[in-house]
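Order-wise, the sequence lines are chains A and B. Each residue of the first sequence is one higher than the last, beginning at 1 in the numbering used here. Each residue of the second sequence is one higher than the last, beginning at 1001 in the numbering used here. We put the CB at the ideal spot given by N, CA and C, even for glycine.
There are 2 protein chains.
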Amino acid sequence: MYQHPTMDPQTQERLSTIRHSFSHLLAAAVQQMRPEAKLGIGPAIDDGFYYDFLVDQPFSLADLKEIEKRMRKLAGRKLAFSQSSMGMAEAKALLAGQGEALKVELVEDLASQGETEVSFYQLGDFSDLCKGPHVAGTQELPLKAFKLDRVAGAYWRGDEKRPMLSRIYGLAFLTPEDLAAHIEQREEAERRDHRKLGKEMDLFVISPDVGKGLPMFTDKGTTIRRALERFIVDEELKRGYLHVQTPILGRKHLYEISGHWEHYQDSMYPPINVDGEDYVLRPMTCPHHFMLYAARPRSYRELPVRYAEISPMYRKERSGELTGLIRVMGFHLADAHIFCKPEDVKPVFREVVDLIGFVMETLGLAERCWYRLSLRDDHKEKYIDAPESWARAEKDMREICEELKLDAQVEPGHAAFYGPKLDVQMATVGGREETLFTNQIDIALAQRFHLEYIAEDGSRRMPWVVHRSSIGCLERTIAFLVEHYAGALPLWMMPVQVKVLPITDEQAPYAAQVKAQLEALGLRVELDDRKETLNRKVREAKMQKIPYLCVVGSREALEGTVTATNRDTDRKSTLPLDQFAAAVLKEHAARSRVLAAAGAA
Amino acid sequence: MYQHPTMDPQTQERLSTIRHSFSHLLAAAVQQMRPEAKLGIGPAIDDGFYYDFLVDQPFSLADLKEIEKRMRKLAGRKLAFSQSSMGMAEAKALLAGQGEALKVELVEDLASQGETEVSFYQLGDFSDLCKGPHVAGTQELPLKAFKLDRVAGAYWRGDEKRPMLSRIYGLAFLTPEDLAAHIEQREEAERRDHRKLGKEMDLFVISPDVGKGLPMFTDKGTTIRRALERFIVDEELKRGYLHVQTPILGRKHLYEISGHWEHYQDSMYPPINVDGEDYVLRPMTCPHHFMLYAARPRSYRELPVRYAEISPMYRKERSGELTGLIRVMGFHLADAHIFCKPEDVKPVFREVVDLIGFVMETLGLAERCWYRLSLRDDHKEKYIDAPESWARAEKDMREICEELKLDAQVEPGHAAFYGPKLDVQMATVGGREETLFTNQIDIALAQRFHLEYIAEDGSRRMPWVVHRSSIGCLERTIAFLVEHYAGALPLWMMPVQVKVLPITDEQAPYAAQVKAQLEALGLRVELDDRKETLNRKVREAKMQKIPYLCVVGSREALEGTVTATNRDTDRKSTLPLDQFAAAVLKEHAARSRVLAAAGAA
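What follows is the structure, given as structure tokens:
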């Protein structure tokens, strides 16, 4: 696990100012070319800027070229950005006179928030309601590090009852190299997009008849899931976790006890009423595991109790955002709840961090991941009121981070309402930061469920609960793995590990024997004996990212060998079947991330 | 798989007549002893008879003794049963005069159904509305094969708004031996009840806060589930099934297409409305698998396509009937849908029968199971209208049964609306017949989903679909296995396979080594190093049905041996640890049903 490289705040601010200034330059150019275009808003964003325009005819990609040319021409005139202030009535009158009805609405909003003055920025003939800041003049804009990018429709204020505006996106960076790197990264991310690769590799199907947030895993996708699932279940069992299976439904009452119904209802699907009783699809597993813990008395001797489950759960997403394996209606989290004495939380958390490190290394995602330590901020009303426990849990969590040298990024304000979190953050291939999963010290929920244990002195005490994952949600993790490896997953998870290609029909019996011998070892093998050219078969197998292609011709059949090509190195070697089989099996069992067998010859 | 032993129809009818006659004798005795008792109904049932009485004070178990005495006394008077008929008005007046309001209601019902006459049976002073038949007289009743059994409350006509009656149950058989065997079987069934054993063995927990039809599997129960699940998934993969994973939700629309919403809605939970779209918890997997099949064009070359899944699904049960692992709100079925050319259905079905036979043998349930061939009856309106396909499918199914010598019990009227079924029936330890799961030839649903394949001649054809299971619902199968083995499950599914018991603390290091060595082989081992007597530890381990107890004392530690006791034979042997480990591993890997290791010495 590595620390995420972050930009220093000054550079970040400078870049943001440049991007925002580009958005004004864009609007100035557009209003020169289309005087009837009315203005929405034009902020800086992650990779550049955009501006929304109310126009009769939305912009086309062809328009962008002309607009970009005009922007460069305007910038060449070394125009200065100059600020002025105005009273609210005056500003409204000015904007109304220009026909800028949307801007008038913004001024009215500011007025209703108690503002008495607004700021305008002037750039040549173009003036815009804006609180800045901007660069001094267009000569400061890195014109070689900017490019108009694309157009999209966007409702005014995201409200589908308001007018549809035409949005122009631009990319802007500090240097041409940064711009080029960003474009390359984006193209790479598109090439690696799990939705695209998922289709090419036949991993999952989304059917509109079933529901668009409800992906169905094909046999190939399911093989990946099963490999991950058995890996993590077996690893957790070895580490003392008790794997359990609890149902996806629970009485609504259960979530009223936990507080989810009160605090988390927006993320839950509506209840199902059965014979007068409300049941809900669970959004998390905690209450079920709590009830298992509470099913019998617990002694300090048996703590920590580590309940783990590959938990199906459902959380509500906006239907417009449902896509691929990442934004889905339901998913399966490798979940666990560790019930421990409060004084044992540090060793328990250390075990958790050790497991996560091991899993991320095994998957090959460690280089993309880092920790974020999420603590409280000053809004004390957001958190349960238990100052001593909070102080202790935050101190424990900080010390864990220090002792284990986790280099965690500290983020006040991201804590759960019931305790501090250690989040596993990831950089996607597109450069976005995502939370892979979170780990929490829970100093509060045990009380709501009256969980307790009998201490050494015979007293009844409340355990703390560590909520954690190890491999995250199977669906998301598979999506990230597919993107990280551009589909060429490590051998142990690949749906087909070896493809056997007989050169002619004469080798069919030997090819079948090769397949049978490899399958007897538990390997996943396909035989391609279609009447197609070898070249075509090889090409298709490569597109499917098959780790090893075994071509068998008359010589191989005679000598009991295979000619295997390694997917990652593209090296070809002829070696005895037994030796090849043993090498592939070793790689499979070791969950190796580097394909080696064909090179072993 | 065996044929179920069934009683010949004449004997069955004779027994039913005797049981019904006993119920009249019961009512006669009760009305002598409690003249105010009013009559409900008194039918023969599976193991005897009952009679419902409207009384102020429900009967107690103590009452039963007295009533049974009175019945025997009445029977000793060799009373005859004599029948008479009566017009409806006369019958109503007679019964009203006797204050038998419930019987009056029955007469009114018969009248409304168009009856013009009713039958009465007289037994001594006792007369009852009854269409018979009865034995000639009480001297024909096998008094030594009968016994009053228990009392229960029962609403008149099962309607909770009607009066609560007091029901007396009696047992009645042809011979005293049959009665004794039945009582013994029932006691055995209670001893083996999976709810009782599930608690003792800590396999699952039912929490009222979660919901009573929503059992939660503990780590021990989950280990059994995982053993069964991995067994069946791996076996099916070997046999060419494509295991997939599809979501438990689907749009309501999907079930409107399939016809389930129309025909099966009573068994489905109400929809969940999300952003204007109705989703339902699926009651079966067919539509999801159909949509996977339909996701791309199919050629005859790739048929049969065998989609399998350990499918979570939810079916509505009456909340009053939810209990244990058998009547639950949701369950996991080892489900599959095989898409094949209609002309291939026989070999496909043969494969299915072969797999079921293998699975039932491996589980040890074959001796309890038999096949039932469910065909159409004369109510043609119950079935889809495709006479040619029906004739062909029924003929195929009959031929499969004959060719494979399945000795199937033929049952017209039990077919699905879309095709004939081959049900796997089971006798529970209580002697009840249960359907473990069903296998179907579906000649119709493919059409509703427009499923097709490109035939050899390039035409588009509709596949037939075989719906099948292999191991049934995991929850139910576990319940039946626990009952069948009285908890002493075969080693390969046992949550704890070996328990290591050091005699004193001095052997702790060696005991830990024994555990580690066995665990390194993938075996499930527990070490009991509590400060308790060895006797107590052995007693507890036996109650937990642990297959092997390994006692290690100073001699074992010195010599590197274990003294192992075999659960099933209770034989004890001292043998080298390596040899013991190898024997247990062999038994585990072979999924042996006979524990052998300790006897190997």
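Inset, instruction - Tell me whether H1467/B sits in a helix, a strand or coil according to DSSP, three-state version. - result: strand
Inset, instruction - Return no unless some Cβ of chain A is closer than 8 Å to the Cβ of A1601/B. - result: Its pLDDT being 42, under 50, A1601/B is placed unreliably by the model, and the measurement read from it follows with that caveat. Not closer than 8 Å to any Cβ of chain A, the Cβ of A1601/B fails to qualify, so no.
Inset, instruction - Could you name the residues of chain B that P283/A contacts, counting a contact when the two beta carbons are closer than 9 Å? - result: Within 9 Å Cβ-Cβ: nothing; P283/A doesn't reach chain B, min ~13 Å.
Inset, instruction - Indicate whether the contact test is met: 3 or more Cβ pairs, each with one atom in the stretch 1301-1318 of chain B and one in the stretch 1231-1242 of chain B, closer than 8 Å. - result: yes
Inset, instruction - Check whether the Cβ of G1240/B lies closer than 8 Å to any Cβ atom in chain A. - result: Not one beta carbon of chain A lies nearer than 8 Å to the beta carbon of G1240/B.
Inset, instruction - Express the C-alpha separation of D219/A and H263/A in angstroms, rounding to a whole number. - result: 38 Å
Inset, instruction - Determine whether the Cβ of S1319/B lies closer than 8 Å to any Cβ atom of chain A. - result: yes
Inset, instruction - Just mark S267/A as buried or exposed, buried being the case when its beta carbon has 16 or more other beta carbons within 10 Å. - result: exposed
Inset, instruction - For I1478/B, I'd like the list of residues in its chain whose CB is within less than 8 Å of its CB, leaving aside the five on either flank, ordered along the chain. - result: Sequence-distant partners of I1478/B (beyond 5 residues in either direction) whose C-beta falls short of 8 Å from its own C-beta, in its chain, are H1194, L1203, G1221, I1224, R1225, L1228 and L1325.
Inset, instruction - Tell me whether P1367/B is buried or exposed, calling it buried when 16 or more other Cβ atoms sit within 10 Å of its Cβ. - result: The sequence as given places Glu at residue 1367/B; Pro does not occur at that position. Label assigned to E1367/B: exposed.
Legend entry - Reference E277/A; option with closest CA among R1282/B, A1541/B and Y1269/B: Y1269/B
Legend entry - Cutoff 7 Å; reference G99/A; Cβ partners in own chain excluding five residues on either side: The beta carbon of G99/A lies closer than 7 Å to those of K38 in the same chain, with the five residues before and after it left out.
Inset, instruction - With 7 Å as the C-beta to C-beta threshold (strictly closer), list the residues of the stretch 1206-1224 of chain B near chain C in chain order. - result: The structure shown contains no chain C; its protein chains are A and B.
Legend entry - Residue-chain proximity (M426/A, chain B), Cβ-Cβ < 8 Å: no
Legend entry - Any C-beta of chain A under 8 Å from that of I1471/B: I1471/B does not count as touching chain A.
Inset, instruction - Verify whether the separation of the beta carbon atoms of Q139/A and K73/A is less than 8 Å. - result: no
Inset, instruction - Classify M1360/B as helix, strand or coil using the three-state DSSP reduction. - result: helix
Inset, instruction - Return the CA-CA distance between A601/A and A590/A, expressed in angstroms with no decimal places. - result: Because A601/A carries a pLDDT of 42, less than 50, the predicted location of this residue cannot be relied on, and no value is offered for it.
Inset, instruction - Spell out whether any CB of chain A is found under 8 Å from the CB atom of I1248/B. - result: Closer than 8 Å: yes.
Inset, instruction - Could you pull out every residue in the same chain whose Cβ sits closer than 8 Å to the Cβ of D1529/B, ignoring the five residues on either side in sequence? - result: P1502, D1505, A1508 and A1511
Legend entry - Cβ pair I384/A, A444/A closer than 8 Å: yes
Inset, instruction - Find out if the Cβ-Cβ distance for the pair P490/A, S592/A is shorter than 8 Å. - result: yes
Legend entry - Cross-strand partners of N1535/B (DSSP beta bridge): Paired residues: none, contrary to the question.
Legend entry - C-beta atoms of E1200/B and M1543/B nearer than 8 Å: yes
Inset, instruction - Note down the Cα distance separating V1280/B from S1311/B, rounded to an integer number of angstroms. - result: One alpha carbon belongs to V1280/B, the other to S1311/B, and they sit about 15 Å apart.
Inset, instruction - On a CA-only basis, which of A393/A, G357/A and G213/A is nearest S374/A? Give me that one, please. - result: Out of A393/A, G357/A and G213/A, A393/A has the C-alpha closest to the C-alpha of S374/A.
Legend entry - Chain-ordered residues of the stretch 272-304 of chain A with a beta carbon less than 7 Å from chain B: If the cut-off is 7 Å between Cβ atoms, the stretch 272-304 of chain A has I272, N273, V274, D275, Y279, H288, M291, L292 and A295 near chain B.
Inset, instruction - Rounded to whole angstroms, what's the CA-CA distance from P58/A to E519/A? Just pull it up for me. - result: 58 Å
Inset, instruction - Using alpha carbons as the reference points, say which of D1442/B, D1423/B and A1336/B lies closest to A1386/B. - result: When each option's Cα is compared against that of A1386/B, the closest is D1442/B.
Inset, instruction - Please check if any C-beta of chain A sits within less than 8 Å of the C-beta of Y1169/B. - result: no
Legend entry - Minimum C-alpha distance to E1679/B - residue among S1573/B, F1417/B, E1402/B and G1213/B: For chain B, the structure presents residues 1001 to 1601; residue 1679/B sits outside this window and is missing.
Inset, instruction - Tell me, please, whether the CB atom of H1243/B is closer than 8 Å to any CB atom in chain A? - result: yes
Legend entry - For G1413/B, the nearest candidate out of R1571/B, L1406/B and D1423/B (CA to CA): Of the listed residues, the one whose Cα sits closest to G1413/B is D1423/B.
Inset, instruction - Can you give me the start and stop residues for the beta strand (DSSP E) that T563/A sits inside? - result: T561 to N566
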